[in-house]
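Participant:
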Amino acid sequence: MNKFINPFSDFGWKKIFGSEVSKDLIISFLNEVIQQEVIVDITFRNVEMLGLKQDQRRAVFDIFCENEKGEVFICEMQKSRQKYFSDRVLYYASFAIQQQSMIVKEKLEKEPDENIRKRWNYQINKVYVVCVLNYIMDPSRPEKYRWDIVRMDRELKIPFSETLNEIYLEMPKFVLPLHECDTLYKKWLYVLNNIEIMERLPQELNNQIFRKLKSIVEVERMTPDQRLEYELSLSVERDLSAALDTSFEDGMEKGKAEEQRLIAVNLKKQGIDIETIAQCTGLSVEEINGL
Numbered sequence: 409m410n411k412f413i414n415p416f417s418d419f420g421w422k423k424i425f426g427s428e429v430s431k432d433l434i435i436s437f438l439n440e441v442i443q444q445e446v447i448v449d450i451t452f453r454n455v456e457m458l459g460l461k462q463d464q465r466r467a468v469f470d471i472f473c474e475n476e477k478g479e480v481f482i483c484e485m486q487k488s489r490q491k492y493f494s495d496r497v498l499y500y501a502s503f504a505i506q507q508q509s510m511i512v513k514e515k516l517e518k519e520p521d522e523n524i525r526k527r528w529n530y531q532i533n534k535v536y537v538v539c540v541l542n543y544i545m546d547p548s549r550p551e552k553y554r555w556d557i558v559r560m561d562r563e564l565k566i567p568f569s570e571t572l573n574e575i576y577l578e579m580p581k582f583v584l585p586l587h588e589c590d591t592l593y594k595k596w597l598y599v600l601n602n603i604e605i606m607e608r609l610p611q612e613l614n615n616q617i618f619r620k621l622k623s624i625v626e627v628e629r630m631t632p633d634q635r636l637e638y639e640l641s642l643s644v645e646r647d648l649s650a651a652l653d654t655s656f657e658d659g660m661e662k663g664k665a666e667e668q669r670l671i672a673v674n675l676k677k678q679g680i681d682i683e684t685i686a687q688c689t690g691l692s693v694e695e696i697n698g699l
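Using this note's numbering, the first residue of the sequence shown is number 409, and each one after it goes up by one.
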């Protein structure tokens, strides 16, 4: 077993960033990713939100927190490519926006003055969604590992609104060696990519934040129950990956077999003899006769 846990496992991600004990880590990470000090303190929120109606899909966040100004932060770790992932991010962010409106309305309803109760002007606190991707989202741009998304005017190419901020980090594209990581932001990305295979914490990472991280992710410091939970989470992820690989391979095999049958049908139409078709396609004579 490696000395440090895998931060891209569900267990590892939430152990590093999702508890009161590690609050200073998520504050440091988010401030560096957002690239301005927007967080002084945070409050962890319920990671599960139900839809406005009973039949609506719910949202379950990896990390969901709020700073002292009421700004909201959703931090998602995605291990594998998912169709419509950016749409899912938008859907999740809408929950954070809707919840703000409901909180404001509840406060206004307690006002004795009827005019004040009607004064909500749709002002929304900023919502940041940080998505750490353990896969390549856009292979056509191998050098671009960070995407910053806001509502923008097409013509002027300037932000129209920065209420909703989406940041996507394609971690496999971040390949800087440690000695070239000249900011805390880059060091965070390096650590997430490499800590599982480290034997010790390098001198360049010997600061308070990464020493704290090291103490949290050391396998030998885990309780037996924590180690079992970690191993089970890895096992589930391996089983899911194996099932997906098998499904893909089965699909490829079925597609290949179907292609060979189509070739055989076309060769039969051209009057090619059955034995030759069997040699060309790998199909049996009985299969070709049945086409």
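Where a beta carbon is used, it is the ideal one built from N, C-alpha and C, also for glycine.
Using the DSSP secondary-structure output, state which residues sit across from Glu-683 in a beta bridge.
Facilitator: Translated into the one-based positions of the sequence shown, residue 683 becomes position 275. Glu-683 is not bridged to any residue.
Participant: Tell me the residue span of the alpha helix (DSSP H) that contains Ile-624.
Facilitator: The residue given as residue 624 occupies position 216 in the sequence shown. Its alpha helix (DSSP H) spans residues 616-625.
Participant: What are the residues that DSSP puts in a beta bridge with Arg-559?
Facilitator: Along the sequence shown, one-based indexing puts residue 559 at 151. The partner list for Arg-559 (beta bridge, DSSP) reads Ser-569.
Participant: Apply the 10 Å Cβ neighbour rule to Thr-689 and answer buried if 16 or more other Cβ atoms are within range, or exposed otherwise.
Facilitator: Indexing the sequence shown from 1 puts residue 689 at position 281. Counting Cβ neighbours within 10 Å, Thr-689 comes out buried, since at least 16 surround it.
Participant: When you compare only the Cα positions, how much space is there between Gly-478 and Gly-420?
Facilitator: Locating residue 478 in the sequence shown gives position 70, where the first residue counts as 1. Locating residue 420 in the sequence shown gives position 12, where the first residue counts as 1. Each residue's alpha carbon lies about 27 Å from the other.
Participant: Taking the straight line between their C-alpha atoms, what separation do you get for Asp-633 and Ile-671?
Facilitator: Within the sequence shown, the letter at position 225 stands for residue 633. Within the sequence shown, the letter at position 263 stands for residue 671. So the two alpha carbons sit approximately 57 Å from each other.
Participant: My output table needs one value for Phe-425: the three-state DSSP class, helix, strand or coil.
Facilitator: Working through the sequence shown from its first residue, we reach residue 425 at position 17. Three-state result, Phe-425: helix.
Participant: Pick from Val-480, Tyr-536 and Glu-484: whose alpha carbon is nearest that of Val-468?
Facilitator: Here residue 468 is taken as the residue at index 60 of the sequence shown, counted from 1. Of Val-480, Tyr-536 and Glu-484, the residue nearest in Cα terms is Glu-484.
Participant: List the whole-angstrom C-beta distance separating Val-441 from Tyr-598, where the pair is believed to meet the contact cut-off of C-beta under 8 Å.
Facilitator: For the purposes of this step, residue 441 is identified with residue 33 of the sequence shown, where counting begins at 1. For the purposes of this step, residue 598 is identified with residue 190 of the sequence shown, where counting begins at 1. With 8 Å as the limit, Val-441 and Tyr-598 do not qualify as a contact, their Cβ atoms being about 13 Å apart.
Participant: Who are the near neighbours of Asp-449 in its chain, counting only those whose CB is closer than 6 Å to its CB and skipping five residues on each side?
Facilitator: Looking up residue 449 in the sequence shown gives position 41. Once the five neighbours on either side are set aside, the close Cβ partners of Asp-449 are Glu-476.
Participant: Find out if the Cβ-Cβ distance for the pair Asn-410, Glu-604 is shorter than 7 Å.
Facilitator: As a position in the sequence shown, residue 410 is number 2, starting the count at 1. As a position in the sequence shown, residue 604 is number 196, starting the count at 1. Closer than 7 Å, so yes.
Participant: Using a Cβ distance threshold of 8 Å, determine whether the segment 430-441 contacts the segment 579-590, with at least three qualifying pairs required.
Facilitator: no
Participant: Please report the straight-line C-alpha distance between Asp-699 and Glu-667, rounded to a whole angstrom.
Facilitator: In the sequence shown, residue 699 corresponds to position 291, counting from 1. In the sequence shown, residue 667 corresponds to position 259, counting from 1. In the sequence under discussion, the amino acid at residue 699 is Leu, which differs from the Asp named in the question. C-alpha separation (whole angstroms): 13 Å.
Participant: Look at Ile-544 and Pro-580 and say whether their C-beta atoms are less than 7 Å apart.
Facilitator: On the sequence shown, residue 544 is found 136 positions in, with the first residue counted as 1. On the sequence shown, residue 580 is found 172 positions in, with the first residue counted as 1. Result yes, Cβ atoms of Ile-544 and Pro-580 sit closer than 7 Å.
Participant: Tell me the rounded alpha-carbon separation between Arg-554 and Arg-608.
Facilitator: Reading the sequence shown from its first residue, position 146 is the one you call residue 554. Reading the sequence shown from its first residue, position 200 is the one you call residue 608. Between Arg-554 and Arg-608, the C-alpha separation is close to 28 Å.
Participant: Which residues in the same chain have their Cβ closer than 7 Å to the Cβ of Ala-686, if we skip the five residues on either side of it in sequence?
Facilitator: Against the sequence shown, residue 686 aligns to sequence position 278. Ser-692, Val-693 and Ile-696.
Participant: Pull up the CB-CB distance for Ala-504 and Ile-482, whole angstroms please, since I reckon it's below 8 Å.
Facilitator: Position 96 of the sequence shown, counted from the first residue, corresponds to residue 504. Position 74 of the sequence shown, counted from the first residue, corresponds to residue 482. In this structure Ala-504 is in contact with Ile-482, their Cβ atoms being roughly 6 Å apart against a cut-off of 8 Å.
Participant: Measure the Cβ-Cβ separation of Ile-447 and Asn-439 and say whether it is below 7 Å.
Facilitator: To locate residue 447, count along the sequence shown from 1; it is residue 39. To locate residue 439, count along the sequence shown from 1; it is residue 31. Yes.
Participant: Roughly how far, in whole angstroms, is the beta-carbon of Asn-601 from the beta-carbon of Phe-582, given that I think they are within contact range, below 8 Å?
Facilitator: Residue 601 sits at position 193 when you count from the first residue of the sequence shown. Residue 582 sits at position 174 when you count from the first residue of the sequence shown. Indeed they touch by this definition, with Cβ atoms about 6 Å apart.
Participant: Roughly how many angstroms lie between the CA atoms of Met-630 and Phe-412, to the nearest whole one?
Facilitator: The count along the sequence shown starts at 1 and reaches residue 630 at position 222. The count along the sequence shown starts at 1 and reaches residue 412 at position 4. Whole-angstrom Cα-Cα distance: 10 Å.
Participant: Using DSSP with H/G/I as helix, E/B as strand and the rest coil, what is Gln-462?
Facilitator: Taking the sequence shown and counting its residues from 1, one reaches residue 462 at position 54. Below a pLDDT of 50, predicted positions are generally treated as unreliable, and Gln-462, at 47, falls in that range; the measurement from the model is reported next regardless. Secondary structure at Gln-462: coil, using DSSP grouped into helix, strand and coil.
Participant: Round the Cβ separation of Gln-506 and Cys-539 to the nearest angstrom and send it over; I've been treating them as touching at under 8 Å.
Facilitator: Start at 1 with the first residue of the sequence shown, and residue 506 comes out as number 98. Start at 1 with the first residue of the sequence shown, and residue 539 comes out as number 131. Not really, about 20 Å apart at Cβ, beyond 8 Å.
Participant: Using the Cβ count rule (16 or more neighbours within 10 Å means buried), how would you classify Pro-567?
Facilitator: Taking the first residue of the sequence shown as 1, we reach residue 567 at position 159. Burial state of Pro-567 is exposed, judged by a 10 Å Cβ sphere holding fewer than 16 other Cβ atoms.
Participant: Ignore the nearest five residues each way along the sequence and tell me which others in Tyr-500's own chain have a CB closer than 8 Å to its CB.
Facilitator: In the sequence shown, residue 500 corresponds to position 92, counting from 1. Here the set comprises Ala-467, Phe-469, Ile-482, Glu-484 and Val-537.
Participant: Judging by CA-CA distance, which residue of Ser-494, Asp-495, Gln-531 and Pro-415 is the nearest neighbour of Val-512?
Facilitator: One-based indexing of the sequence shown puts residue 512 at position 104. Comparing Cα positions, the closest option is Gln-531.
Participant: Pull up the distance between the alpha-carbon of Glu-514 and that of Leu-572, whole angstroms please.
Facilitator: Numbered from 1 along the sequence shown, position 106 holds the residue referred to as residue 514. Numbered from 1 along the sequence shown, position 164 holds the residue referred to as residue 572. CA-CA distance, Glu-514 to Leu-572, rounds to 23 Å.
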